[in-house]
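Participant: Throughout, my numbering is defined as the position within the sequence shown, counted from one, plus 114.
Shown below is the structure under consideration.
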Amino acid sequence: MSAILLKPARVWSDGAMQDGAQVLVAGARIAAVGPKIEAADAKVVDLPGMTLLPGLMDLHSHLFLHPYDETAWDDQVLKESEAYRAVRAVTHAAATLRAGFTTLRDLGTEGAGYADVALKRAIDEGLVPGPRLFVATRAIVATGSYGPA
Numbered sequence: 115m116s117a118i119l120l121k122p123a124r125v126w127s128d129g130a131m132q133d134g135a136q137v138l139v140a141g142a143r144i145a146a147v148g149p150k151i152e153a154a155d156a157k158v159v160d161l162p163g164m165t166l167l168p169g170l171m172d173l174h175s176h177l178f179l180h181p182y183d184e185t186a187w188d189d190q191v192l193k194e195s196e197a198y199r200a201v202r203a204v205t206h207a208a209a210t211l212r213a214g215f216t217t218l219r220d221l222g223t224e225g226a227g228y229a230d231v232a233l234k235r236a237i238d239e240g241l242v243p244g245p246r247l248f249v250a251t252r253a254i255v256a257t258g259s260y261g262p263a
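See the structure below:
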């Protein structure tokens, strides 16, 4: 297992900013946080001027939908294939991870069936990059509340 030693200017940890702190990552886990960590075999990544934060969480996301101002709901849900929407969800998941969100709760696939379960599996197995997902599968709404009648 290869280790990485991150050396930012500061680390937000335990509810406070820690100037000069370092973070040792071993595999997929944070092994240590603190000043002057000894890790002889670790790859060192200097991050001057940077602040390192814990991963963020978004607990209300819709990876399978366009942004609200981009495409009408009916057009994407009724006219785009499930496969096409799954490809979009993969790109949304990767972009969300790059933005610092390491955990997402995806609330309903809006017509894409159980594609969110497949996306979660693909991320978990390392096939595609993305945050840890908690998925709700098919959306549940009151009859006539929104969407096509």
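By construction, the Cβ of each residue, glycine as well, lies at the ideal position given by its N, Cα and C atoms.
Here the structure is a predicted model, which is why all the values come from computation and not from measurement.
Please classify A256 as buried or exposed, where buried requires at least 16 other C-beta atoms within 10 Å of its C-beta.
Facilitator: Working through the sequence shown from its first residue, we reach residue 256 at position 142. With fewer than 16 Cβ atoms within 10 Å of its Cβ, A256 is classed as exposed.
Participant: Please look up how many angstroms separate the CB atoms of A117 and V139, rounded, as I've assumed it's under 8 Å.
Facilitator: Counting from 1 along the sequence shown, the entry for residue 117 is found at position 3. Counting from 1 along the sequence shown, the entry for residue 139 is found at position 25. That pair is a contact at about 7 Å.
Participant: Return helix, strand or coil for T185, following the three-state DSSP convention.
Facilitator: Numbered from 1 along the sequence shown, position 71 holds the residue referred to as residue 185. Three-state result, T185: coil.
Participant: Examine the Cβ distances between the segment 151-167 and the segment 188-196 and report whether three or more of them are shorter than 8 Å.
Facilitator: No: fewer than three Cβ pairs fall under 8 Å.
Participant: If distances are taken between C-alpha atoms only, which option among T251, V159, R252, A208 comes closest to G240?
Facilitator: By one-based count along the sequence shown, residue 240 stands at place 126. Selected option, being the one with the closest Cα: A208.
Participant: Just checking my contact of H275 with G214 at CB under 8 Å: how many whole Å lie between their CB atoms?
Facilitator: Any question about residue 275 goes unanswered here, given that the chain covers just 115 to 263.
Participant: Can you name the start and end residues of the beta strand (DSSP E) that M121 belongs to?
Facilitator: On the sequence shown, residue 121 is found 7 positions in, with the first residue counted as 1. Inspection of the sequence shows that residue 121 is occupied by Lys rather than by Met. Looking at the DSSP string, the run of the beta strand (DSSP E) that includes K121 is 117-127.
Participant: Alpha carbon to alpha carbon, how far is L167 from K150? Give it in angstroms, no decimals.
Facilitator: Residue mapping note: residue 150 aligns to position 36 of the sequence shown, counting from 1. Residue mapping note: residue 167 aligns to position 53 of the sequence shown, counting from 1. Cα to Cα, the separation comes out at about 18 Å.
Participant: Note down the Cα distance separating K217 from D128, rounded to an integer number of angstroms.
Facilitator: Residue numbering aside, residue 217 sits at position 103 when the sequence shown is read from its first letter. Residue numbering aside, residue 128 sits at position 14 when the sequence shown is read from its first letter. The question names Lys, yet the displayed sequence has Thr at residue 217. Taking the straight line joining both Cα atoms gives about 19 Å.
Participant: Can you list, in chain order, the residues of its chain with a C-beta nearer than 6 Å to that of L233? Leave out the 5 residues immediately preceding and following it.
Facilitator: Position 119 of the sequence shown, counted from the first residue, corresponds to residue 233. So the list reads A203, once near-sequence residues are dropped.
Participant: Can you give the Cα-Cα distance for R246 and T205, rounded to whole angstroms?
Facilitator: As a working mapping, residue 246 is identified with position 132 in the sequence shown. As a working mapping, residue 205 is identified with position 91 in the sequence shown. The straight-line gap from Cα to Cα measures roughly 15 Å.
Participant: Tell me which same chain residues have a C-beta within less than 8 Å of the C-beta of A229, skipping the five on either side of it?
Facilitator: Against the sequence shown, residue 229 aligns to sequence position 115. These residues qualify, in order along the chain: F178, E196, R199, A200, A203, T223.
Participant: Just to confirm the assignment, what range does the alpha helix (DSSP H) spanning V204 have?
Facilitator: Translated into the one-based positions of the sequence shown, residue 204 becomes position 90. Start and end: 196-212.
Participant: Within its chain, find whatever has a CB closer than 8 Å to the CB of V231; leave out the 5 residues flanking it on each side and keep chain order.
Facilitator: Within the sequence shown, the letter at position 117 stands for residue 231. Same-chain partners within the cutoff: V249, T251.
Participant: Look at the alpha carbon of G163 and the alpha carbon of P122, and state the distance between them as a whole number of angstroms.
Facilitator: By 1-based counting over the sequence shown, the position of residue 163 is 49. By 1-based counting over the sequence shown, the position of residue 122 is 8. Using only the alpha carbons, I get a separation of about 7 Å.
Participant: Here's a check: name, in chain order, each residue in its chain whose Cβ is nearer than 8 Å to the Cβ of T210, leaving out the five neighbours to either side.
Facilitator: Position 96 of the sequence shown, counting from 1, holds the residue named residue 210. Closer than 8 Å at the Cβ level, and outside the excluded window around T210, lie D172, S175, L177, L218, G244, P245.
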